[in-house]
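I have placed the structure first, in the form of structure tokens, so that the comments after it can refer back to it.
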């Protein structure tokens with residue numbers, strides 16, 4: 189065992205020896221944040237889909253959302269969730285906190301059913317159980333260990349050089365493409381932004397200990413604010429670009445994956461998985477991705493039950509969001525209120 193592994197093991201043993209370890213508090217706060225996030229996401233999804241049937245741009249949609257009470261209600265929930273995640277990130281690793289954010293989908297499942305009168309199917313409960321079990325295995329077997337609080341300037345430069353072109357290409361691709369492809373591309377942009385937000389939050393929390401002045405001078409603050417804005421704007425646009433069966437699974441899976449990779453690359457976080465345990469960990473990750481995608485697609489499909497989505501989204505100069513036509517019968521029956529969101533994060 190090398191020096192780094194010895195220090196990590198000693199730190200974990202010390203934490204576990206205390207009445208309530210920091211990592212346990214981080215896990216609890218992350219779960220509460222996921223609960224609040226799941227409830228808020230259901231409300232914000234309704235706002236995004238019902239605020240207008242006209243084709244509008246990303247920023248115009250955001251401006252219209254600011255005048256919608258439901259968006260603000262969901263926003264308050266998002267802020268509360270972000271606050272709890274920030275505290276959790278100050279105590280635990282990005283990998284741990286983001287893995288637990290996947291459970292927002294599980295909390296949103298009964299909340300959406302309660303609000304819409306939709307009956308959760310046995311298959312959905314099965315997928316939910318698989319997600320919960322796989323997340324538990326990942327946390328217990330992987331034993332995510334925190335690294336540093338802030339990444340170096342050199343590391344962030346490399347990350348920016350890799351991520352920026354990819355995200356720009358996604359936005360450009362959404363201008364050219366339409367329907368589900370555009371929704372997926374925009375969802376990748378939003379989820380990646382919220383993943384950056386989560387990683388940057390650890391740095392903000394660390395700098396905050398030195399006072400507000402130090403926070404205002406920290407470069408992470410402005411990247412953090414930009415990430416939140418980009419995540420919010422493109423999240424709304426992705427919701428409207430096509431059926432939720434395209435955007436919801438993409439967001440739900442992409443955010444924790446990107447955040448975990450950044451946690452390892454930028455902050456030096458580690459997973460304690462020697463030998464055969466690595467096989468178990470990989471299997472758990474695959475189950476999380478597969479079950480989350482299946483659950484998200486199934487729940488997103490309930491929104492469109494009985495609804496007819498008319499011609500594919502049109503993009504005016506590449507900057508207008510999708511146009512949705514809802515059948516008259518849907519509007520009269522209220523089926524358009526069947527909206528479900530189970531993100532993560534970032535969300536947001």
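Numbering (this note's numbering), first residue to last: 189 to 536. A virtual CB, placed ideally from N, CA and C, is assigned to each residue, including glycine. Being a predicted model, the structure only gives us computed values, none of them experimental.
Spanning the alpha carbons of residue 215 and residue 289 requires a straight line of approximately 10 Å.
Scanning its chain for C-beta atoms nearer than 7 Å, with the 5 sequence neighbours on each side dropped, one finds around residue 409 the residues 392 and 403, in chain order. Within the model, the alpha-carbon separation for residue 352 versus residue 429 is close to 22 Å. Residue 309 sits in coil when the DSSP states are folded into three classes, being neither helix nor strand. Fewer than three pairs of CB atoms, one per stretch, sit closer than 8 Å, so the stretch 295-309 makes no contact with the stretch 437-456. Taking 9 Å as the cut-off, the beta carbon of residue 468 is found no closer than this to the beta carbon of residue 321. Taking all protein chains in view, the Cβ of residue 443 is crowded by 16 or more other Cβ atoms within 10 Å, so the residue is classified as buried. Remark: C-beta atoms of residue 218 and residue 264 do not approach each other more closely than 9 Å. Residue 360 and residue 370 have their alpha carbons spaced roughly 9 Å apart.
Between residue 341 and residue 384, the alpha-carbon positions lie close to 15 Å from each other. In the DSSP secondary-structure assignment, residue 333 is bridged to 458.
Under the rule that a run must span 4 or more residues, the alpha helix (DSSP H) segments found entirely inside the stretch 260-296 read 282-289. Per DSSP, reduced to three states, the secondary structure at residue 463 is coil, with no helix or strand assignment. Distance from the CA of residue 331 to the CA of residue 364, rounded to the nearest whole angstrom, comes to 43 Å.
Between residue 473 and residue 326, the C-beta spacing is below 9 Å. For residue 405, the three-state secondary structure derived from DSSP is helix. The beta-carbon separation of residue 354 and residue 434, rounded to 19 Å, does not stay under the 8 Å limit for a contact.
Between the stretch 305-323 and the stretch 251-270, the count of Cβ pairs shorter than 8 Å is below three; the stretches do not touch. A straight-line Cα-Cα distance of about 18 Å links residue 396 and residue 335.
Apart from the 5 residues on each side of it in sequence, residue 278 sits with its Cβ closer than 6 Å to the Cβ of 393 in its chain, given in chain order. Here residue 484 really is in contact with residue 293; their C-beta atoms are around 6 Å apart, less than 8 Å. Cα atoms of residue 259 and residue 462: separation of roughly 45 Å, rounded to the nearest angstrom.
Distance from the Cα of residue 211 is smallest, within the candidate group 227, 273, 229 and 305, for 273.
Pairing residue 425 with residue 357 gives a Cβ-Cβ distance that is not under 9 Å. Closest in alpha carbon position to residue 338, among 478, 380, 310 and 282, is 282. About 6 Å separates the Cβ atoms of residue 415 and residue 388, confirming a contact at the 8 Å cut-off.
Residue 450 places its beta carbon less than 9 Å from that of residue 347. Secondary structure at residue 414: helix, using DSSP grouped into helix, strand and coil.
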